[in-house]
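**Q**
Numbering (this note's numbering), first residue to last: 575 to 755.
1) Pull up the distance between the alpha-carbon of residue 659 and that of residue 707, whole angstroms please.
2) Could you have a look at residue 629 and say whether DSSP puts it in helix, strand or coil?
3) What does a CB cutoff of less than 8 angstroms around residue 575 pick up in its chain, not counting 5 residues either side in sequence?
4) Secondary structure at residue 585, three-state DSSP: helix, strand or coil?
5) Please return the same chain residues whose Cβ sits closer than 8 angstroms to the Cβ of residue 738, not counting the five positions on each side in sequence.
6) What span of residues does the alpha helix (DSSP H) with residue 661 cover, start to end?
7) Would you call residue 628 buried or exposed, if buried means 16 or more other Cβ atoms sit within 10 Å of its Cβ?
Given below as structure tokens:
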């Protein structure tokens with residue numbers, strides 16, 4: 575659906591949520607975009623389009639008739655957006671190594687060297703506790719709890735001492751009686 579509309583000769587721009595596929599299609603169709611990111615990588619993709627000059631980001635909280643009209647007018651009247659997306663299109667179509675060539679090279683590389691232990695991430699060999707730093711988090715939590723406990727005890731002691739200084743002597747003081755002989 576989107577591919578047909580982006581490649582239609584009358585399409586000059588389109589509005590998208592900013593997913594990666596939409597970004598690729600916009601570049602391949604040489605169409606500037608307005609992104610309205612909702613979640614995940616869409617925020618980053620919108621910023622990429624903006625940074626490279628072929629897109630405008632509108633926050634979902636700012637969507638209204640004026641913001642969309644303003645963004646569309648900017649995309650359609652300012653030629654920098656269409657120029658930028660055409661440059662990106664040329665770059666993608668003329669990249670130095672095609673995906674097919676890259677696949678063939680890596681396949682040949684793996685076939686020649688068989689085991690590629692040096693390319694395996696070190697994290698694959700770690701146990702879950704070390705990989706997720708659970709030991710570090712546990713230590714930090716225990717130390718923080720101990721520090722908070724000590725601070726609480728000290729504050730409690732200080733407040734009790736201060737309170738005892740301001741406390742009035744009680745009227746029920748026990749009087750010592752004299753011994754009668």
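Backbone N, C-alpha and C define an ideal beta-carbon position, used for all residues, glycine too.
**A** To lay it out plainly:
1) If I take the Cα positions, the gap works out to 43 angstroms.
2) Three-state result, residue 629: strand.
3) Any answer about residue 575 is weak, because its pLDDT of 45 lies below 50 and its placement is not dependable; what the coordinates show is given next. So no residue of the chain qualifies.
4) If DSSP states are grouped into helix, strand and coil, residue 585 belongs with coil.
5) So no residue of the chain qualifies.
6) First-last of the alpha helix (DSSP H) with residue 661: 653 to 667.
7) With 16 or more Cβ atoms within 10 Å of its Cβ, residue 628 is classed as buried.
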